[in-house]
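Let me begin by presenting the structure, written as C-alpha cells, before commenting on it.
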Amino acid sequence: MASVPDDRKIPLFITGSVVRRVLSSPKKMVSKYVNEGDVVADLGCGPGFFTFPMAELVGQGGKVYAVDFDPRAVEGVARKAKDRKLDGVIEARLSSASEIDFIPDASVDFVFAHGLLCCMKDHSGTLRQIGRVLSKEGKAYLSVTRFSRKQDPRSVTADEWEKTLALFHVIRSGQGLFIRWALVSKDGGWPELPASGGISPACCCT
Ligand SMILES: C[S@@+](CC[C@H](N)C(=O)[O-])C[C@H]1O[C@@H](n2cnc3c(N)ncnc32)[C@H](O)[C@@H]1O
Numbered sequence: 037m038a039s040v041p042d043d044r045k046i047p048l049f050i051t052g053s054v055v056r057r058v059l060s061s062p063k064k065m066v067s068k069y070v071n072e073g074d075v076v077a078d079l080g081c082g083p084g085f086f087t088f089p090m091a092e093l094v095g096q097g098g099k100v101y102a103v104d105f106d107p108r109a110v111e112g113v114a115r116k117a118k119d120r121k122l123d124g125v126i127e128a129r130l131s132s133a134s135e136i137d138f139i140p141d142a143s144v145d146f147v148f149a150h151g152l153l154c155c156m157k158d159h160s161g162t163l164r165q166i167g168r169v170l171s172k173e174g175k176a177y178l179s180v181t182r183f184s185r186k187q188d189p190r191s192v193t194a195d196e197w198e199k200t201l202a203l204f205h206v207i208r209s210g211q212g213l214f215i216r217w218a219l220v221s222k223d224g225g226w227p228e229l230p231a232s233g234g235i236s237p238a239c240c241c242t
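Residue numbering for the sequence shown follows the numbering used here, beginning at 37 and increasing consecutively.
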C-alpha cells in the first residue's frame, strides 16, 4: 500500500458508535441500493457500520468486499463476520481503495464509498478502480464531508466535488448537514481519469 501513508484513519469508536446507529438506520439507507445475491464493494468500510447490513441484504448467495487500509478496522470486520456466520459472504481485505486488484473487472453490482474520498489523497486512482470493478449495470454511491480544508490534498472541496460529478453519469445527488453524496452509474461509460492523484478536471477527458 505505497500510496496511503498520509490517508486518514477515523477512530473506530466514532464510525462504529451506537449514537450513529440511533440517529440513522444503516440498513434502511443501503436497502435502496442493495439486492439479494448482489456483489458489493464497501470501500473504506471502517468497523463495518454498513458492511453488515449490506451482507444481510445480499444474503448467503451474495458477496461483500469490505476494504480498508486500517488494520484494526479490517481485523474487527473479519472477526465479527465469523461470529455472525457471515464469513462466507464478507471478504475483509486490508488494502487501499485505490489498489483493489483482487476484485475482478466488471464483477460488482454496487460500490459503496461513504466518506472515503475525503480521507485519502488518490481520488482519481480510486475512481478508476471503481469504474473497473463495476458491472455494466452497476452503481456507485460516493459521499464526502462538507467540511474541507483547501490546502489538504485529501480534501474534496465543494468545487472539486461539482467538477468531479460533472464527469460522471449522476443518477441522484444531494447534501445533508455533514455530507455531499451522489449515486453514479456507468451509463454512457466511465470518464478517463488520471492514474493517480487528485481530480483535476483540466486533465480528464469528459
Ligand atoms: C469517514 S470513515 C467512513 C467509514 C465507513 N464508510 C462508514 O461510513 O462507517 C473513512 C474510512 O476510510 C478509510 N480509508 C482512508 N483512506 C483509505 C484508503 N486509502 N483505502 C481504504 N480505506 C481508507 C478510513 O480508515 C476510514 O475507515
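A virtual CB, placed ideally from N, CA and C, is assigned to each residue, including glycine.
- The alpha carbon of Arg185 has as its nearest neighbour, out of Asp195, Ser179 and Val113, the alpha carbon of Asp195.
- Taking 8 Å as the cut-off, the Cβ atoms of Ala149 and Ala117 do not count as close.
- Scanning Leu170, Phe86 and Gly80 for the CA closest to the CA of Ser61 turns up Phe86.
- Taking Gly98 as the centre and dropping the five residues before and after it, the same chain places the C-beta of Gly73 and Asp74 closer than 6 Å to its C-beta, in chain order.
- By the C-beta density criterion, Ala218 is buried, having at least 16 other C-beta atoms within 10 angstroms.
- Phe183 sits exposed, since fewer than 16 C-beta atoms from the chains shown fall within 10 Å of its C-beta.
- Looking at the DSSP output, Trp226 bridges to nothing.
- Between Val144 and Val110, the C-beta spacing is not below 8 Å.
- When C-alpha distances from Gly161 are compared across Asp141, Ile136, Gly151 and Thr181, the shortest belongs to Ile136.
- Residues Ala77, Tyr101 and Val169 of the same chain have their beta carbon placed closer than 7 Å to that of Ile139, with the five preceding and five following residues left out of the count.
- Within 7 Å of the C-beta of Met156 there is at least one heavy atom belonging to ligand 1.
- If you check the C-beta of Ser134 against ligand 1, you find a heavy atom less than 7 Å away.
- In the three-state reduction of the DSSP assignment, Ser160 falls in the helix class.
- Under the DSSP assignment, Gly112 falls in the alpha helix (DSSP H) whose first and last residues are Pro107 to Asp119.
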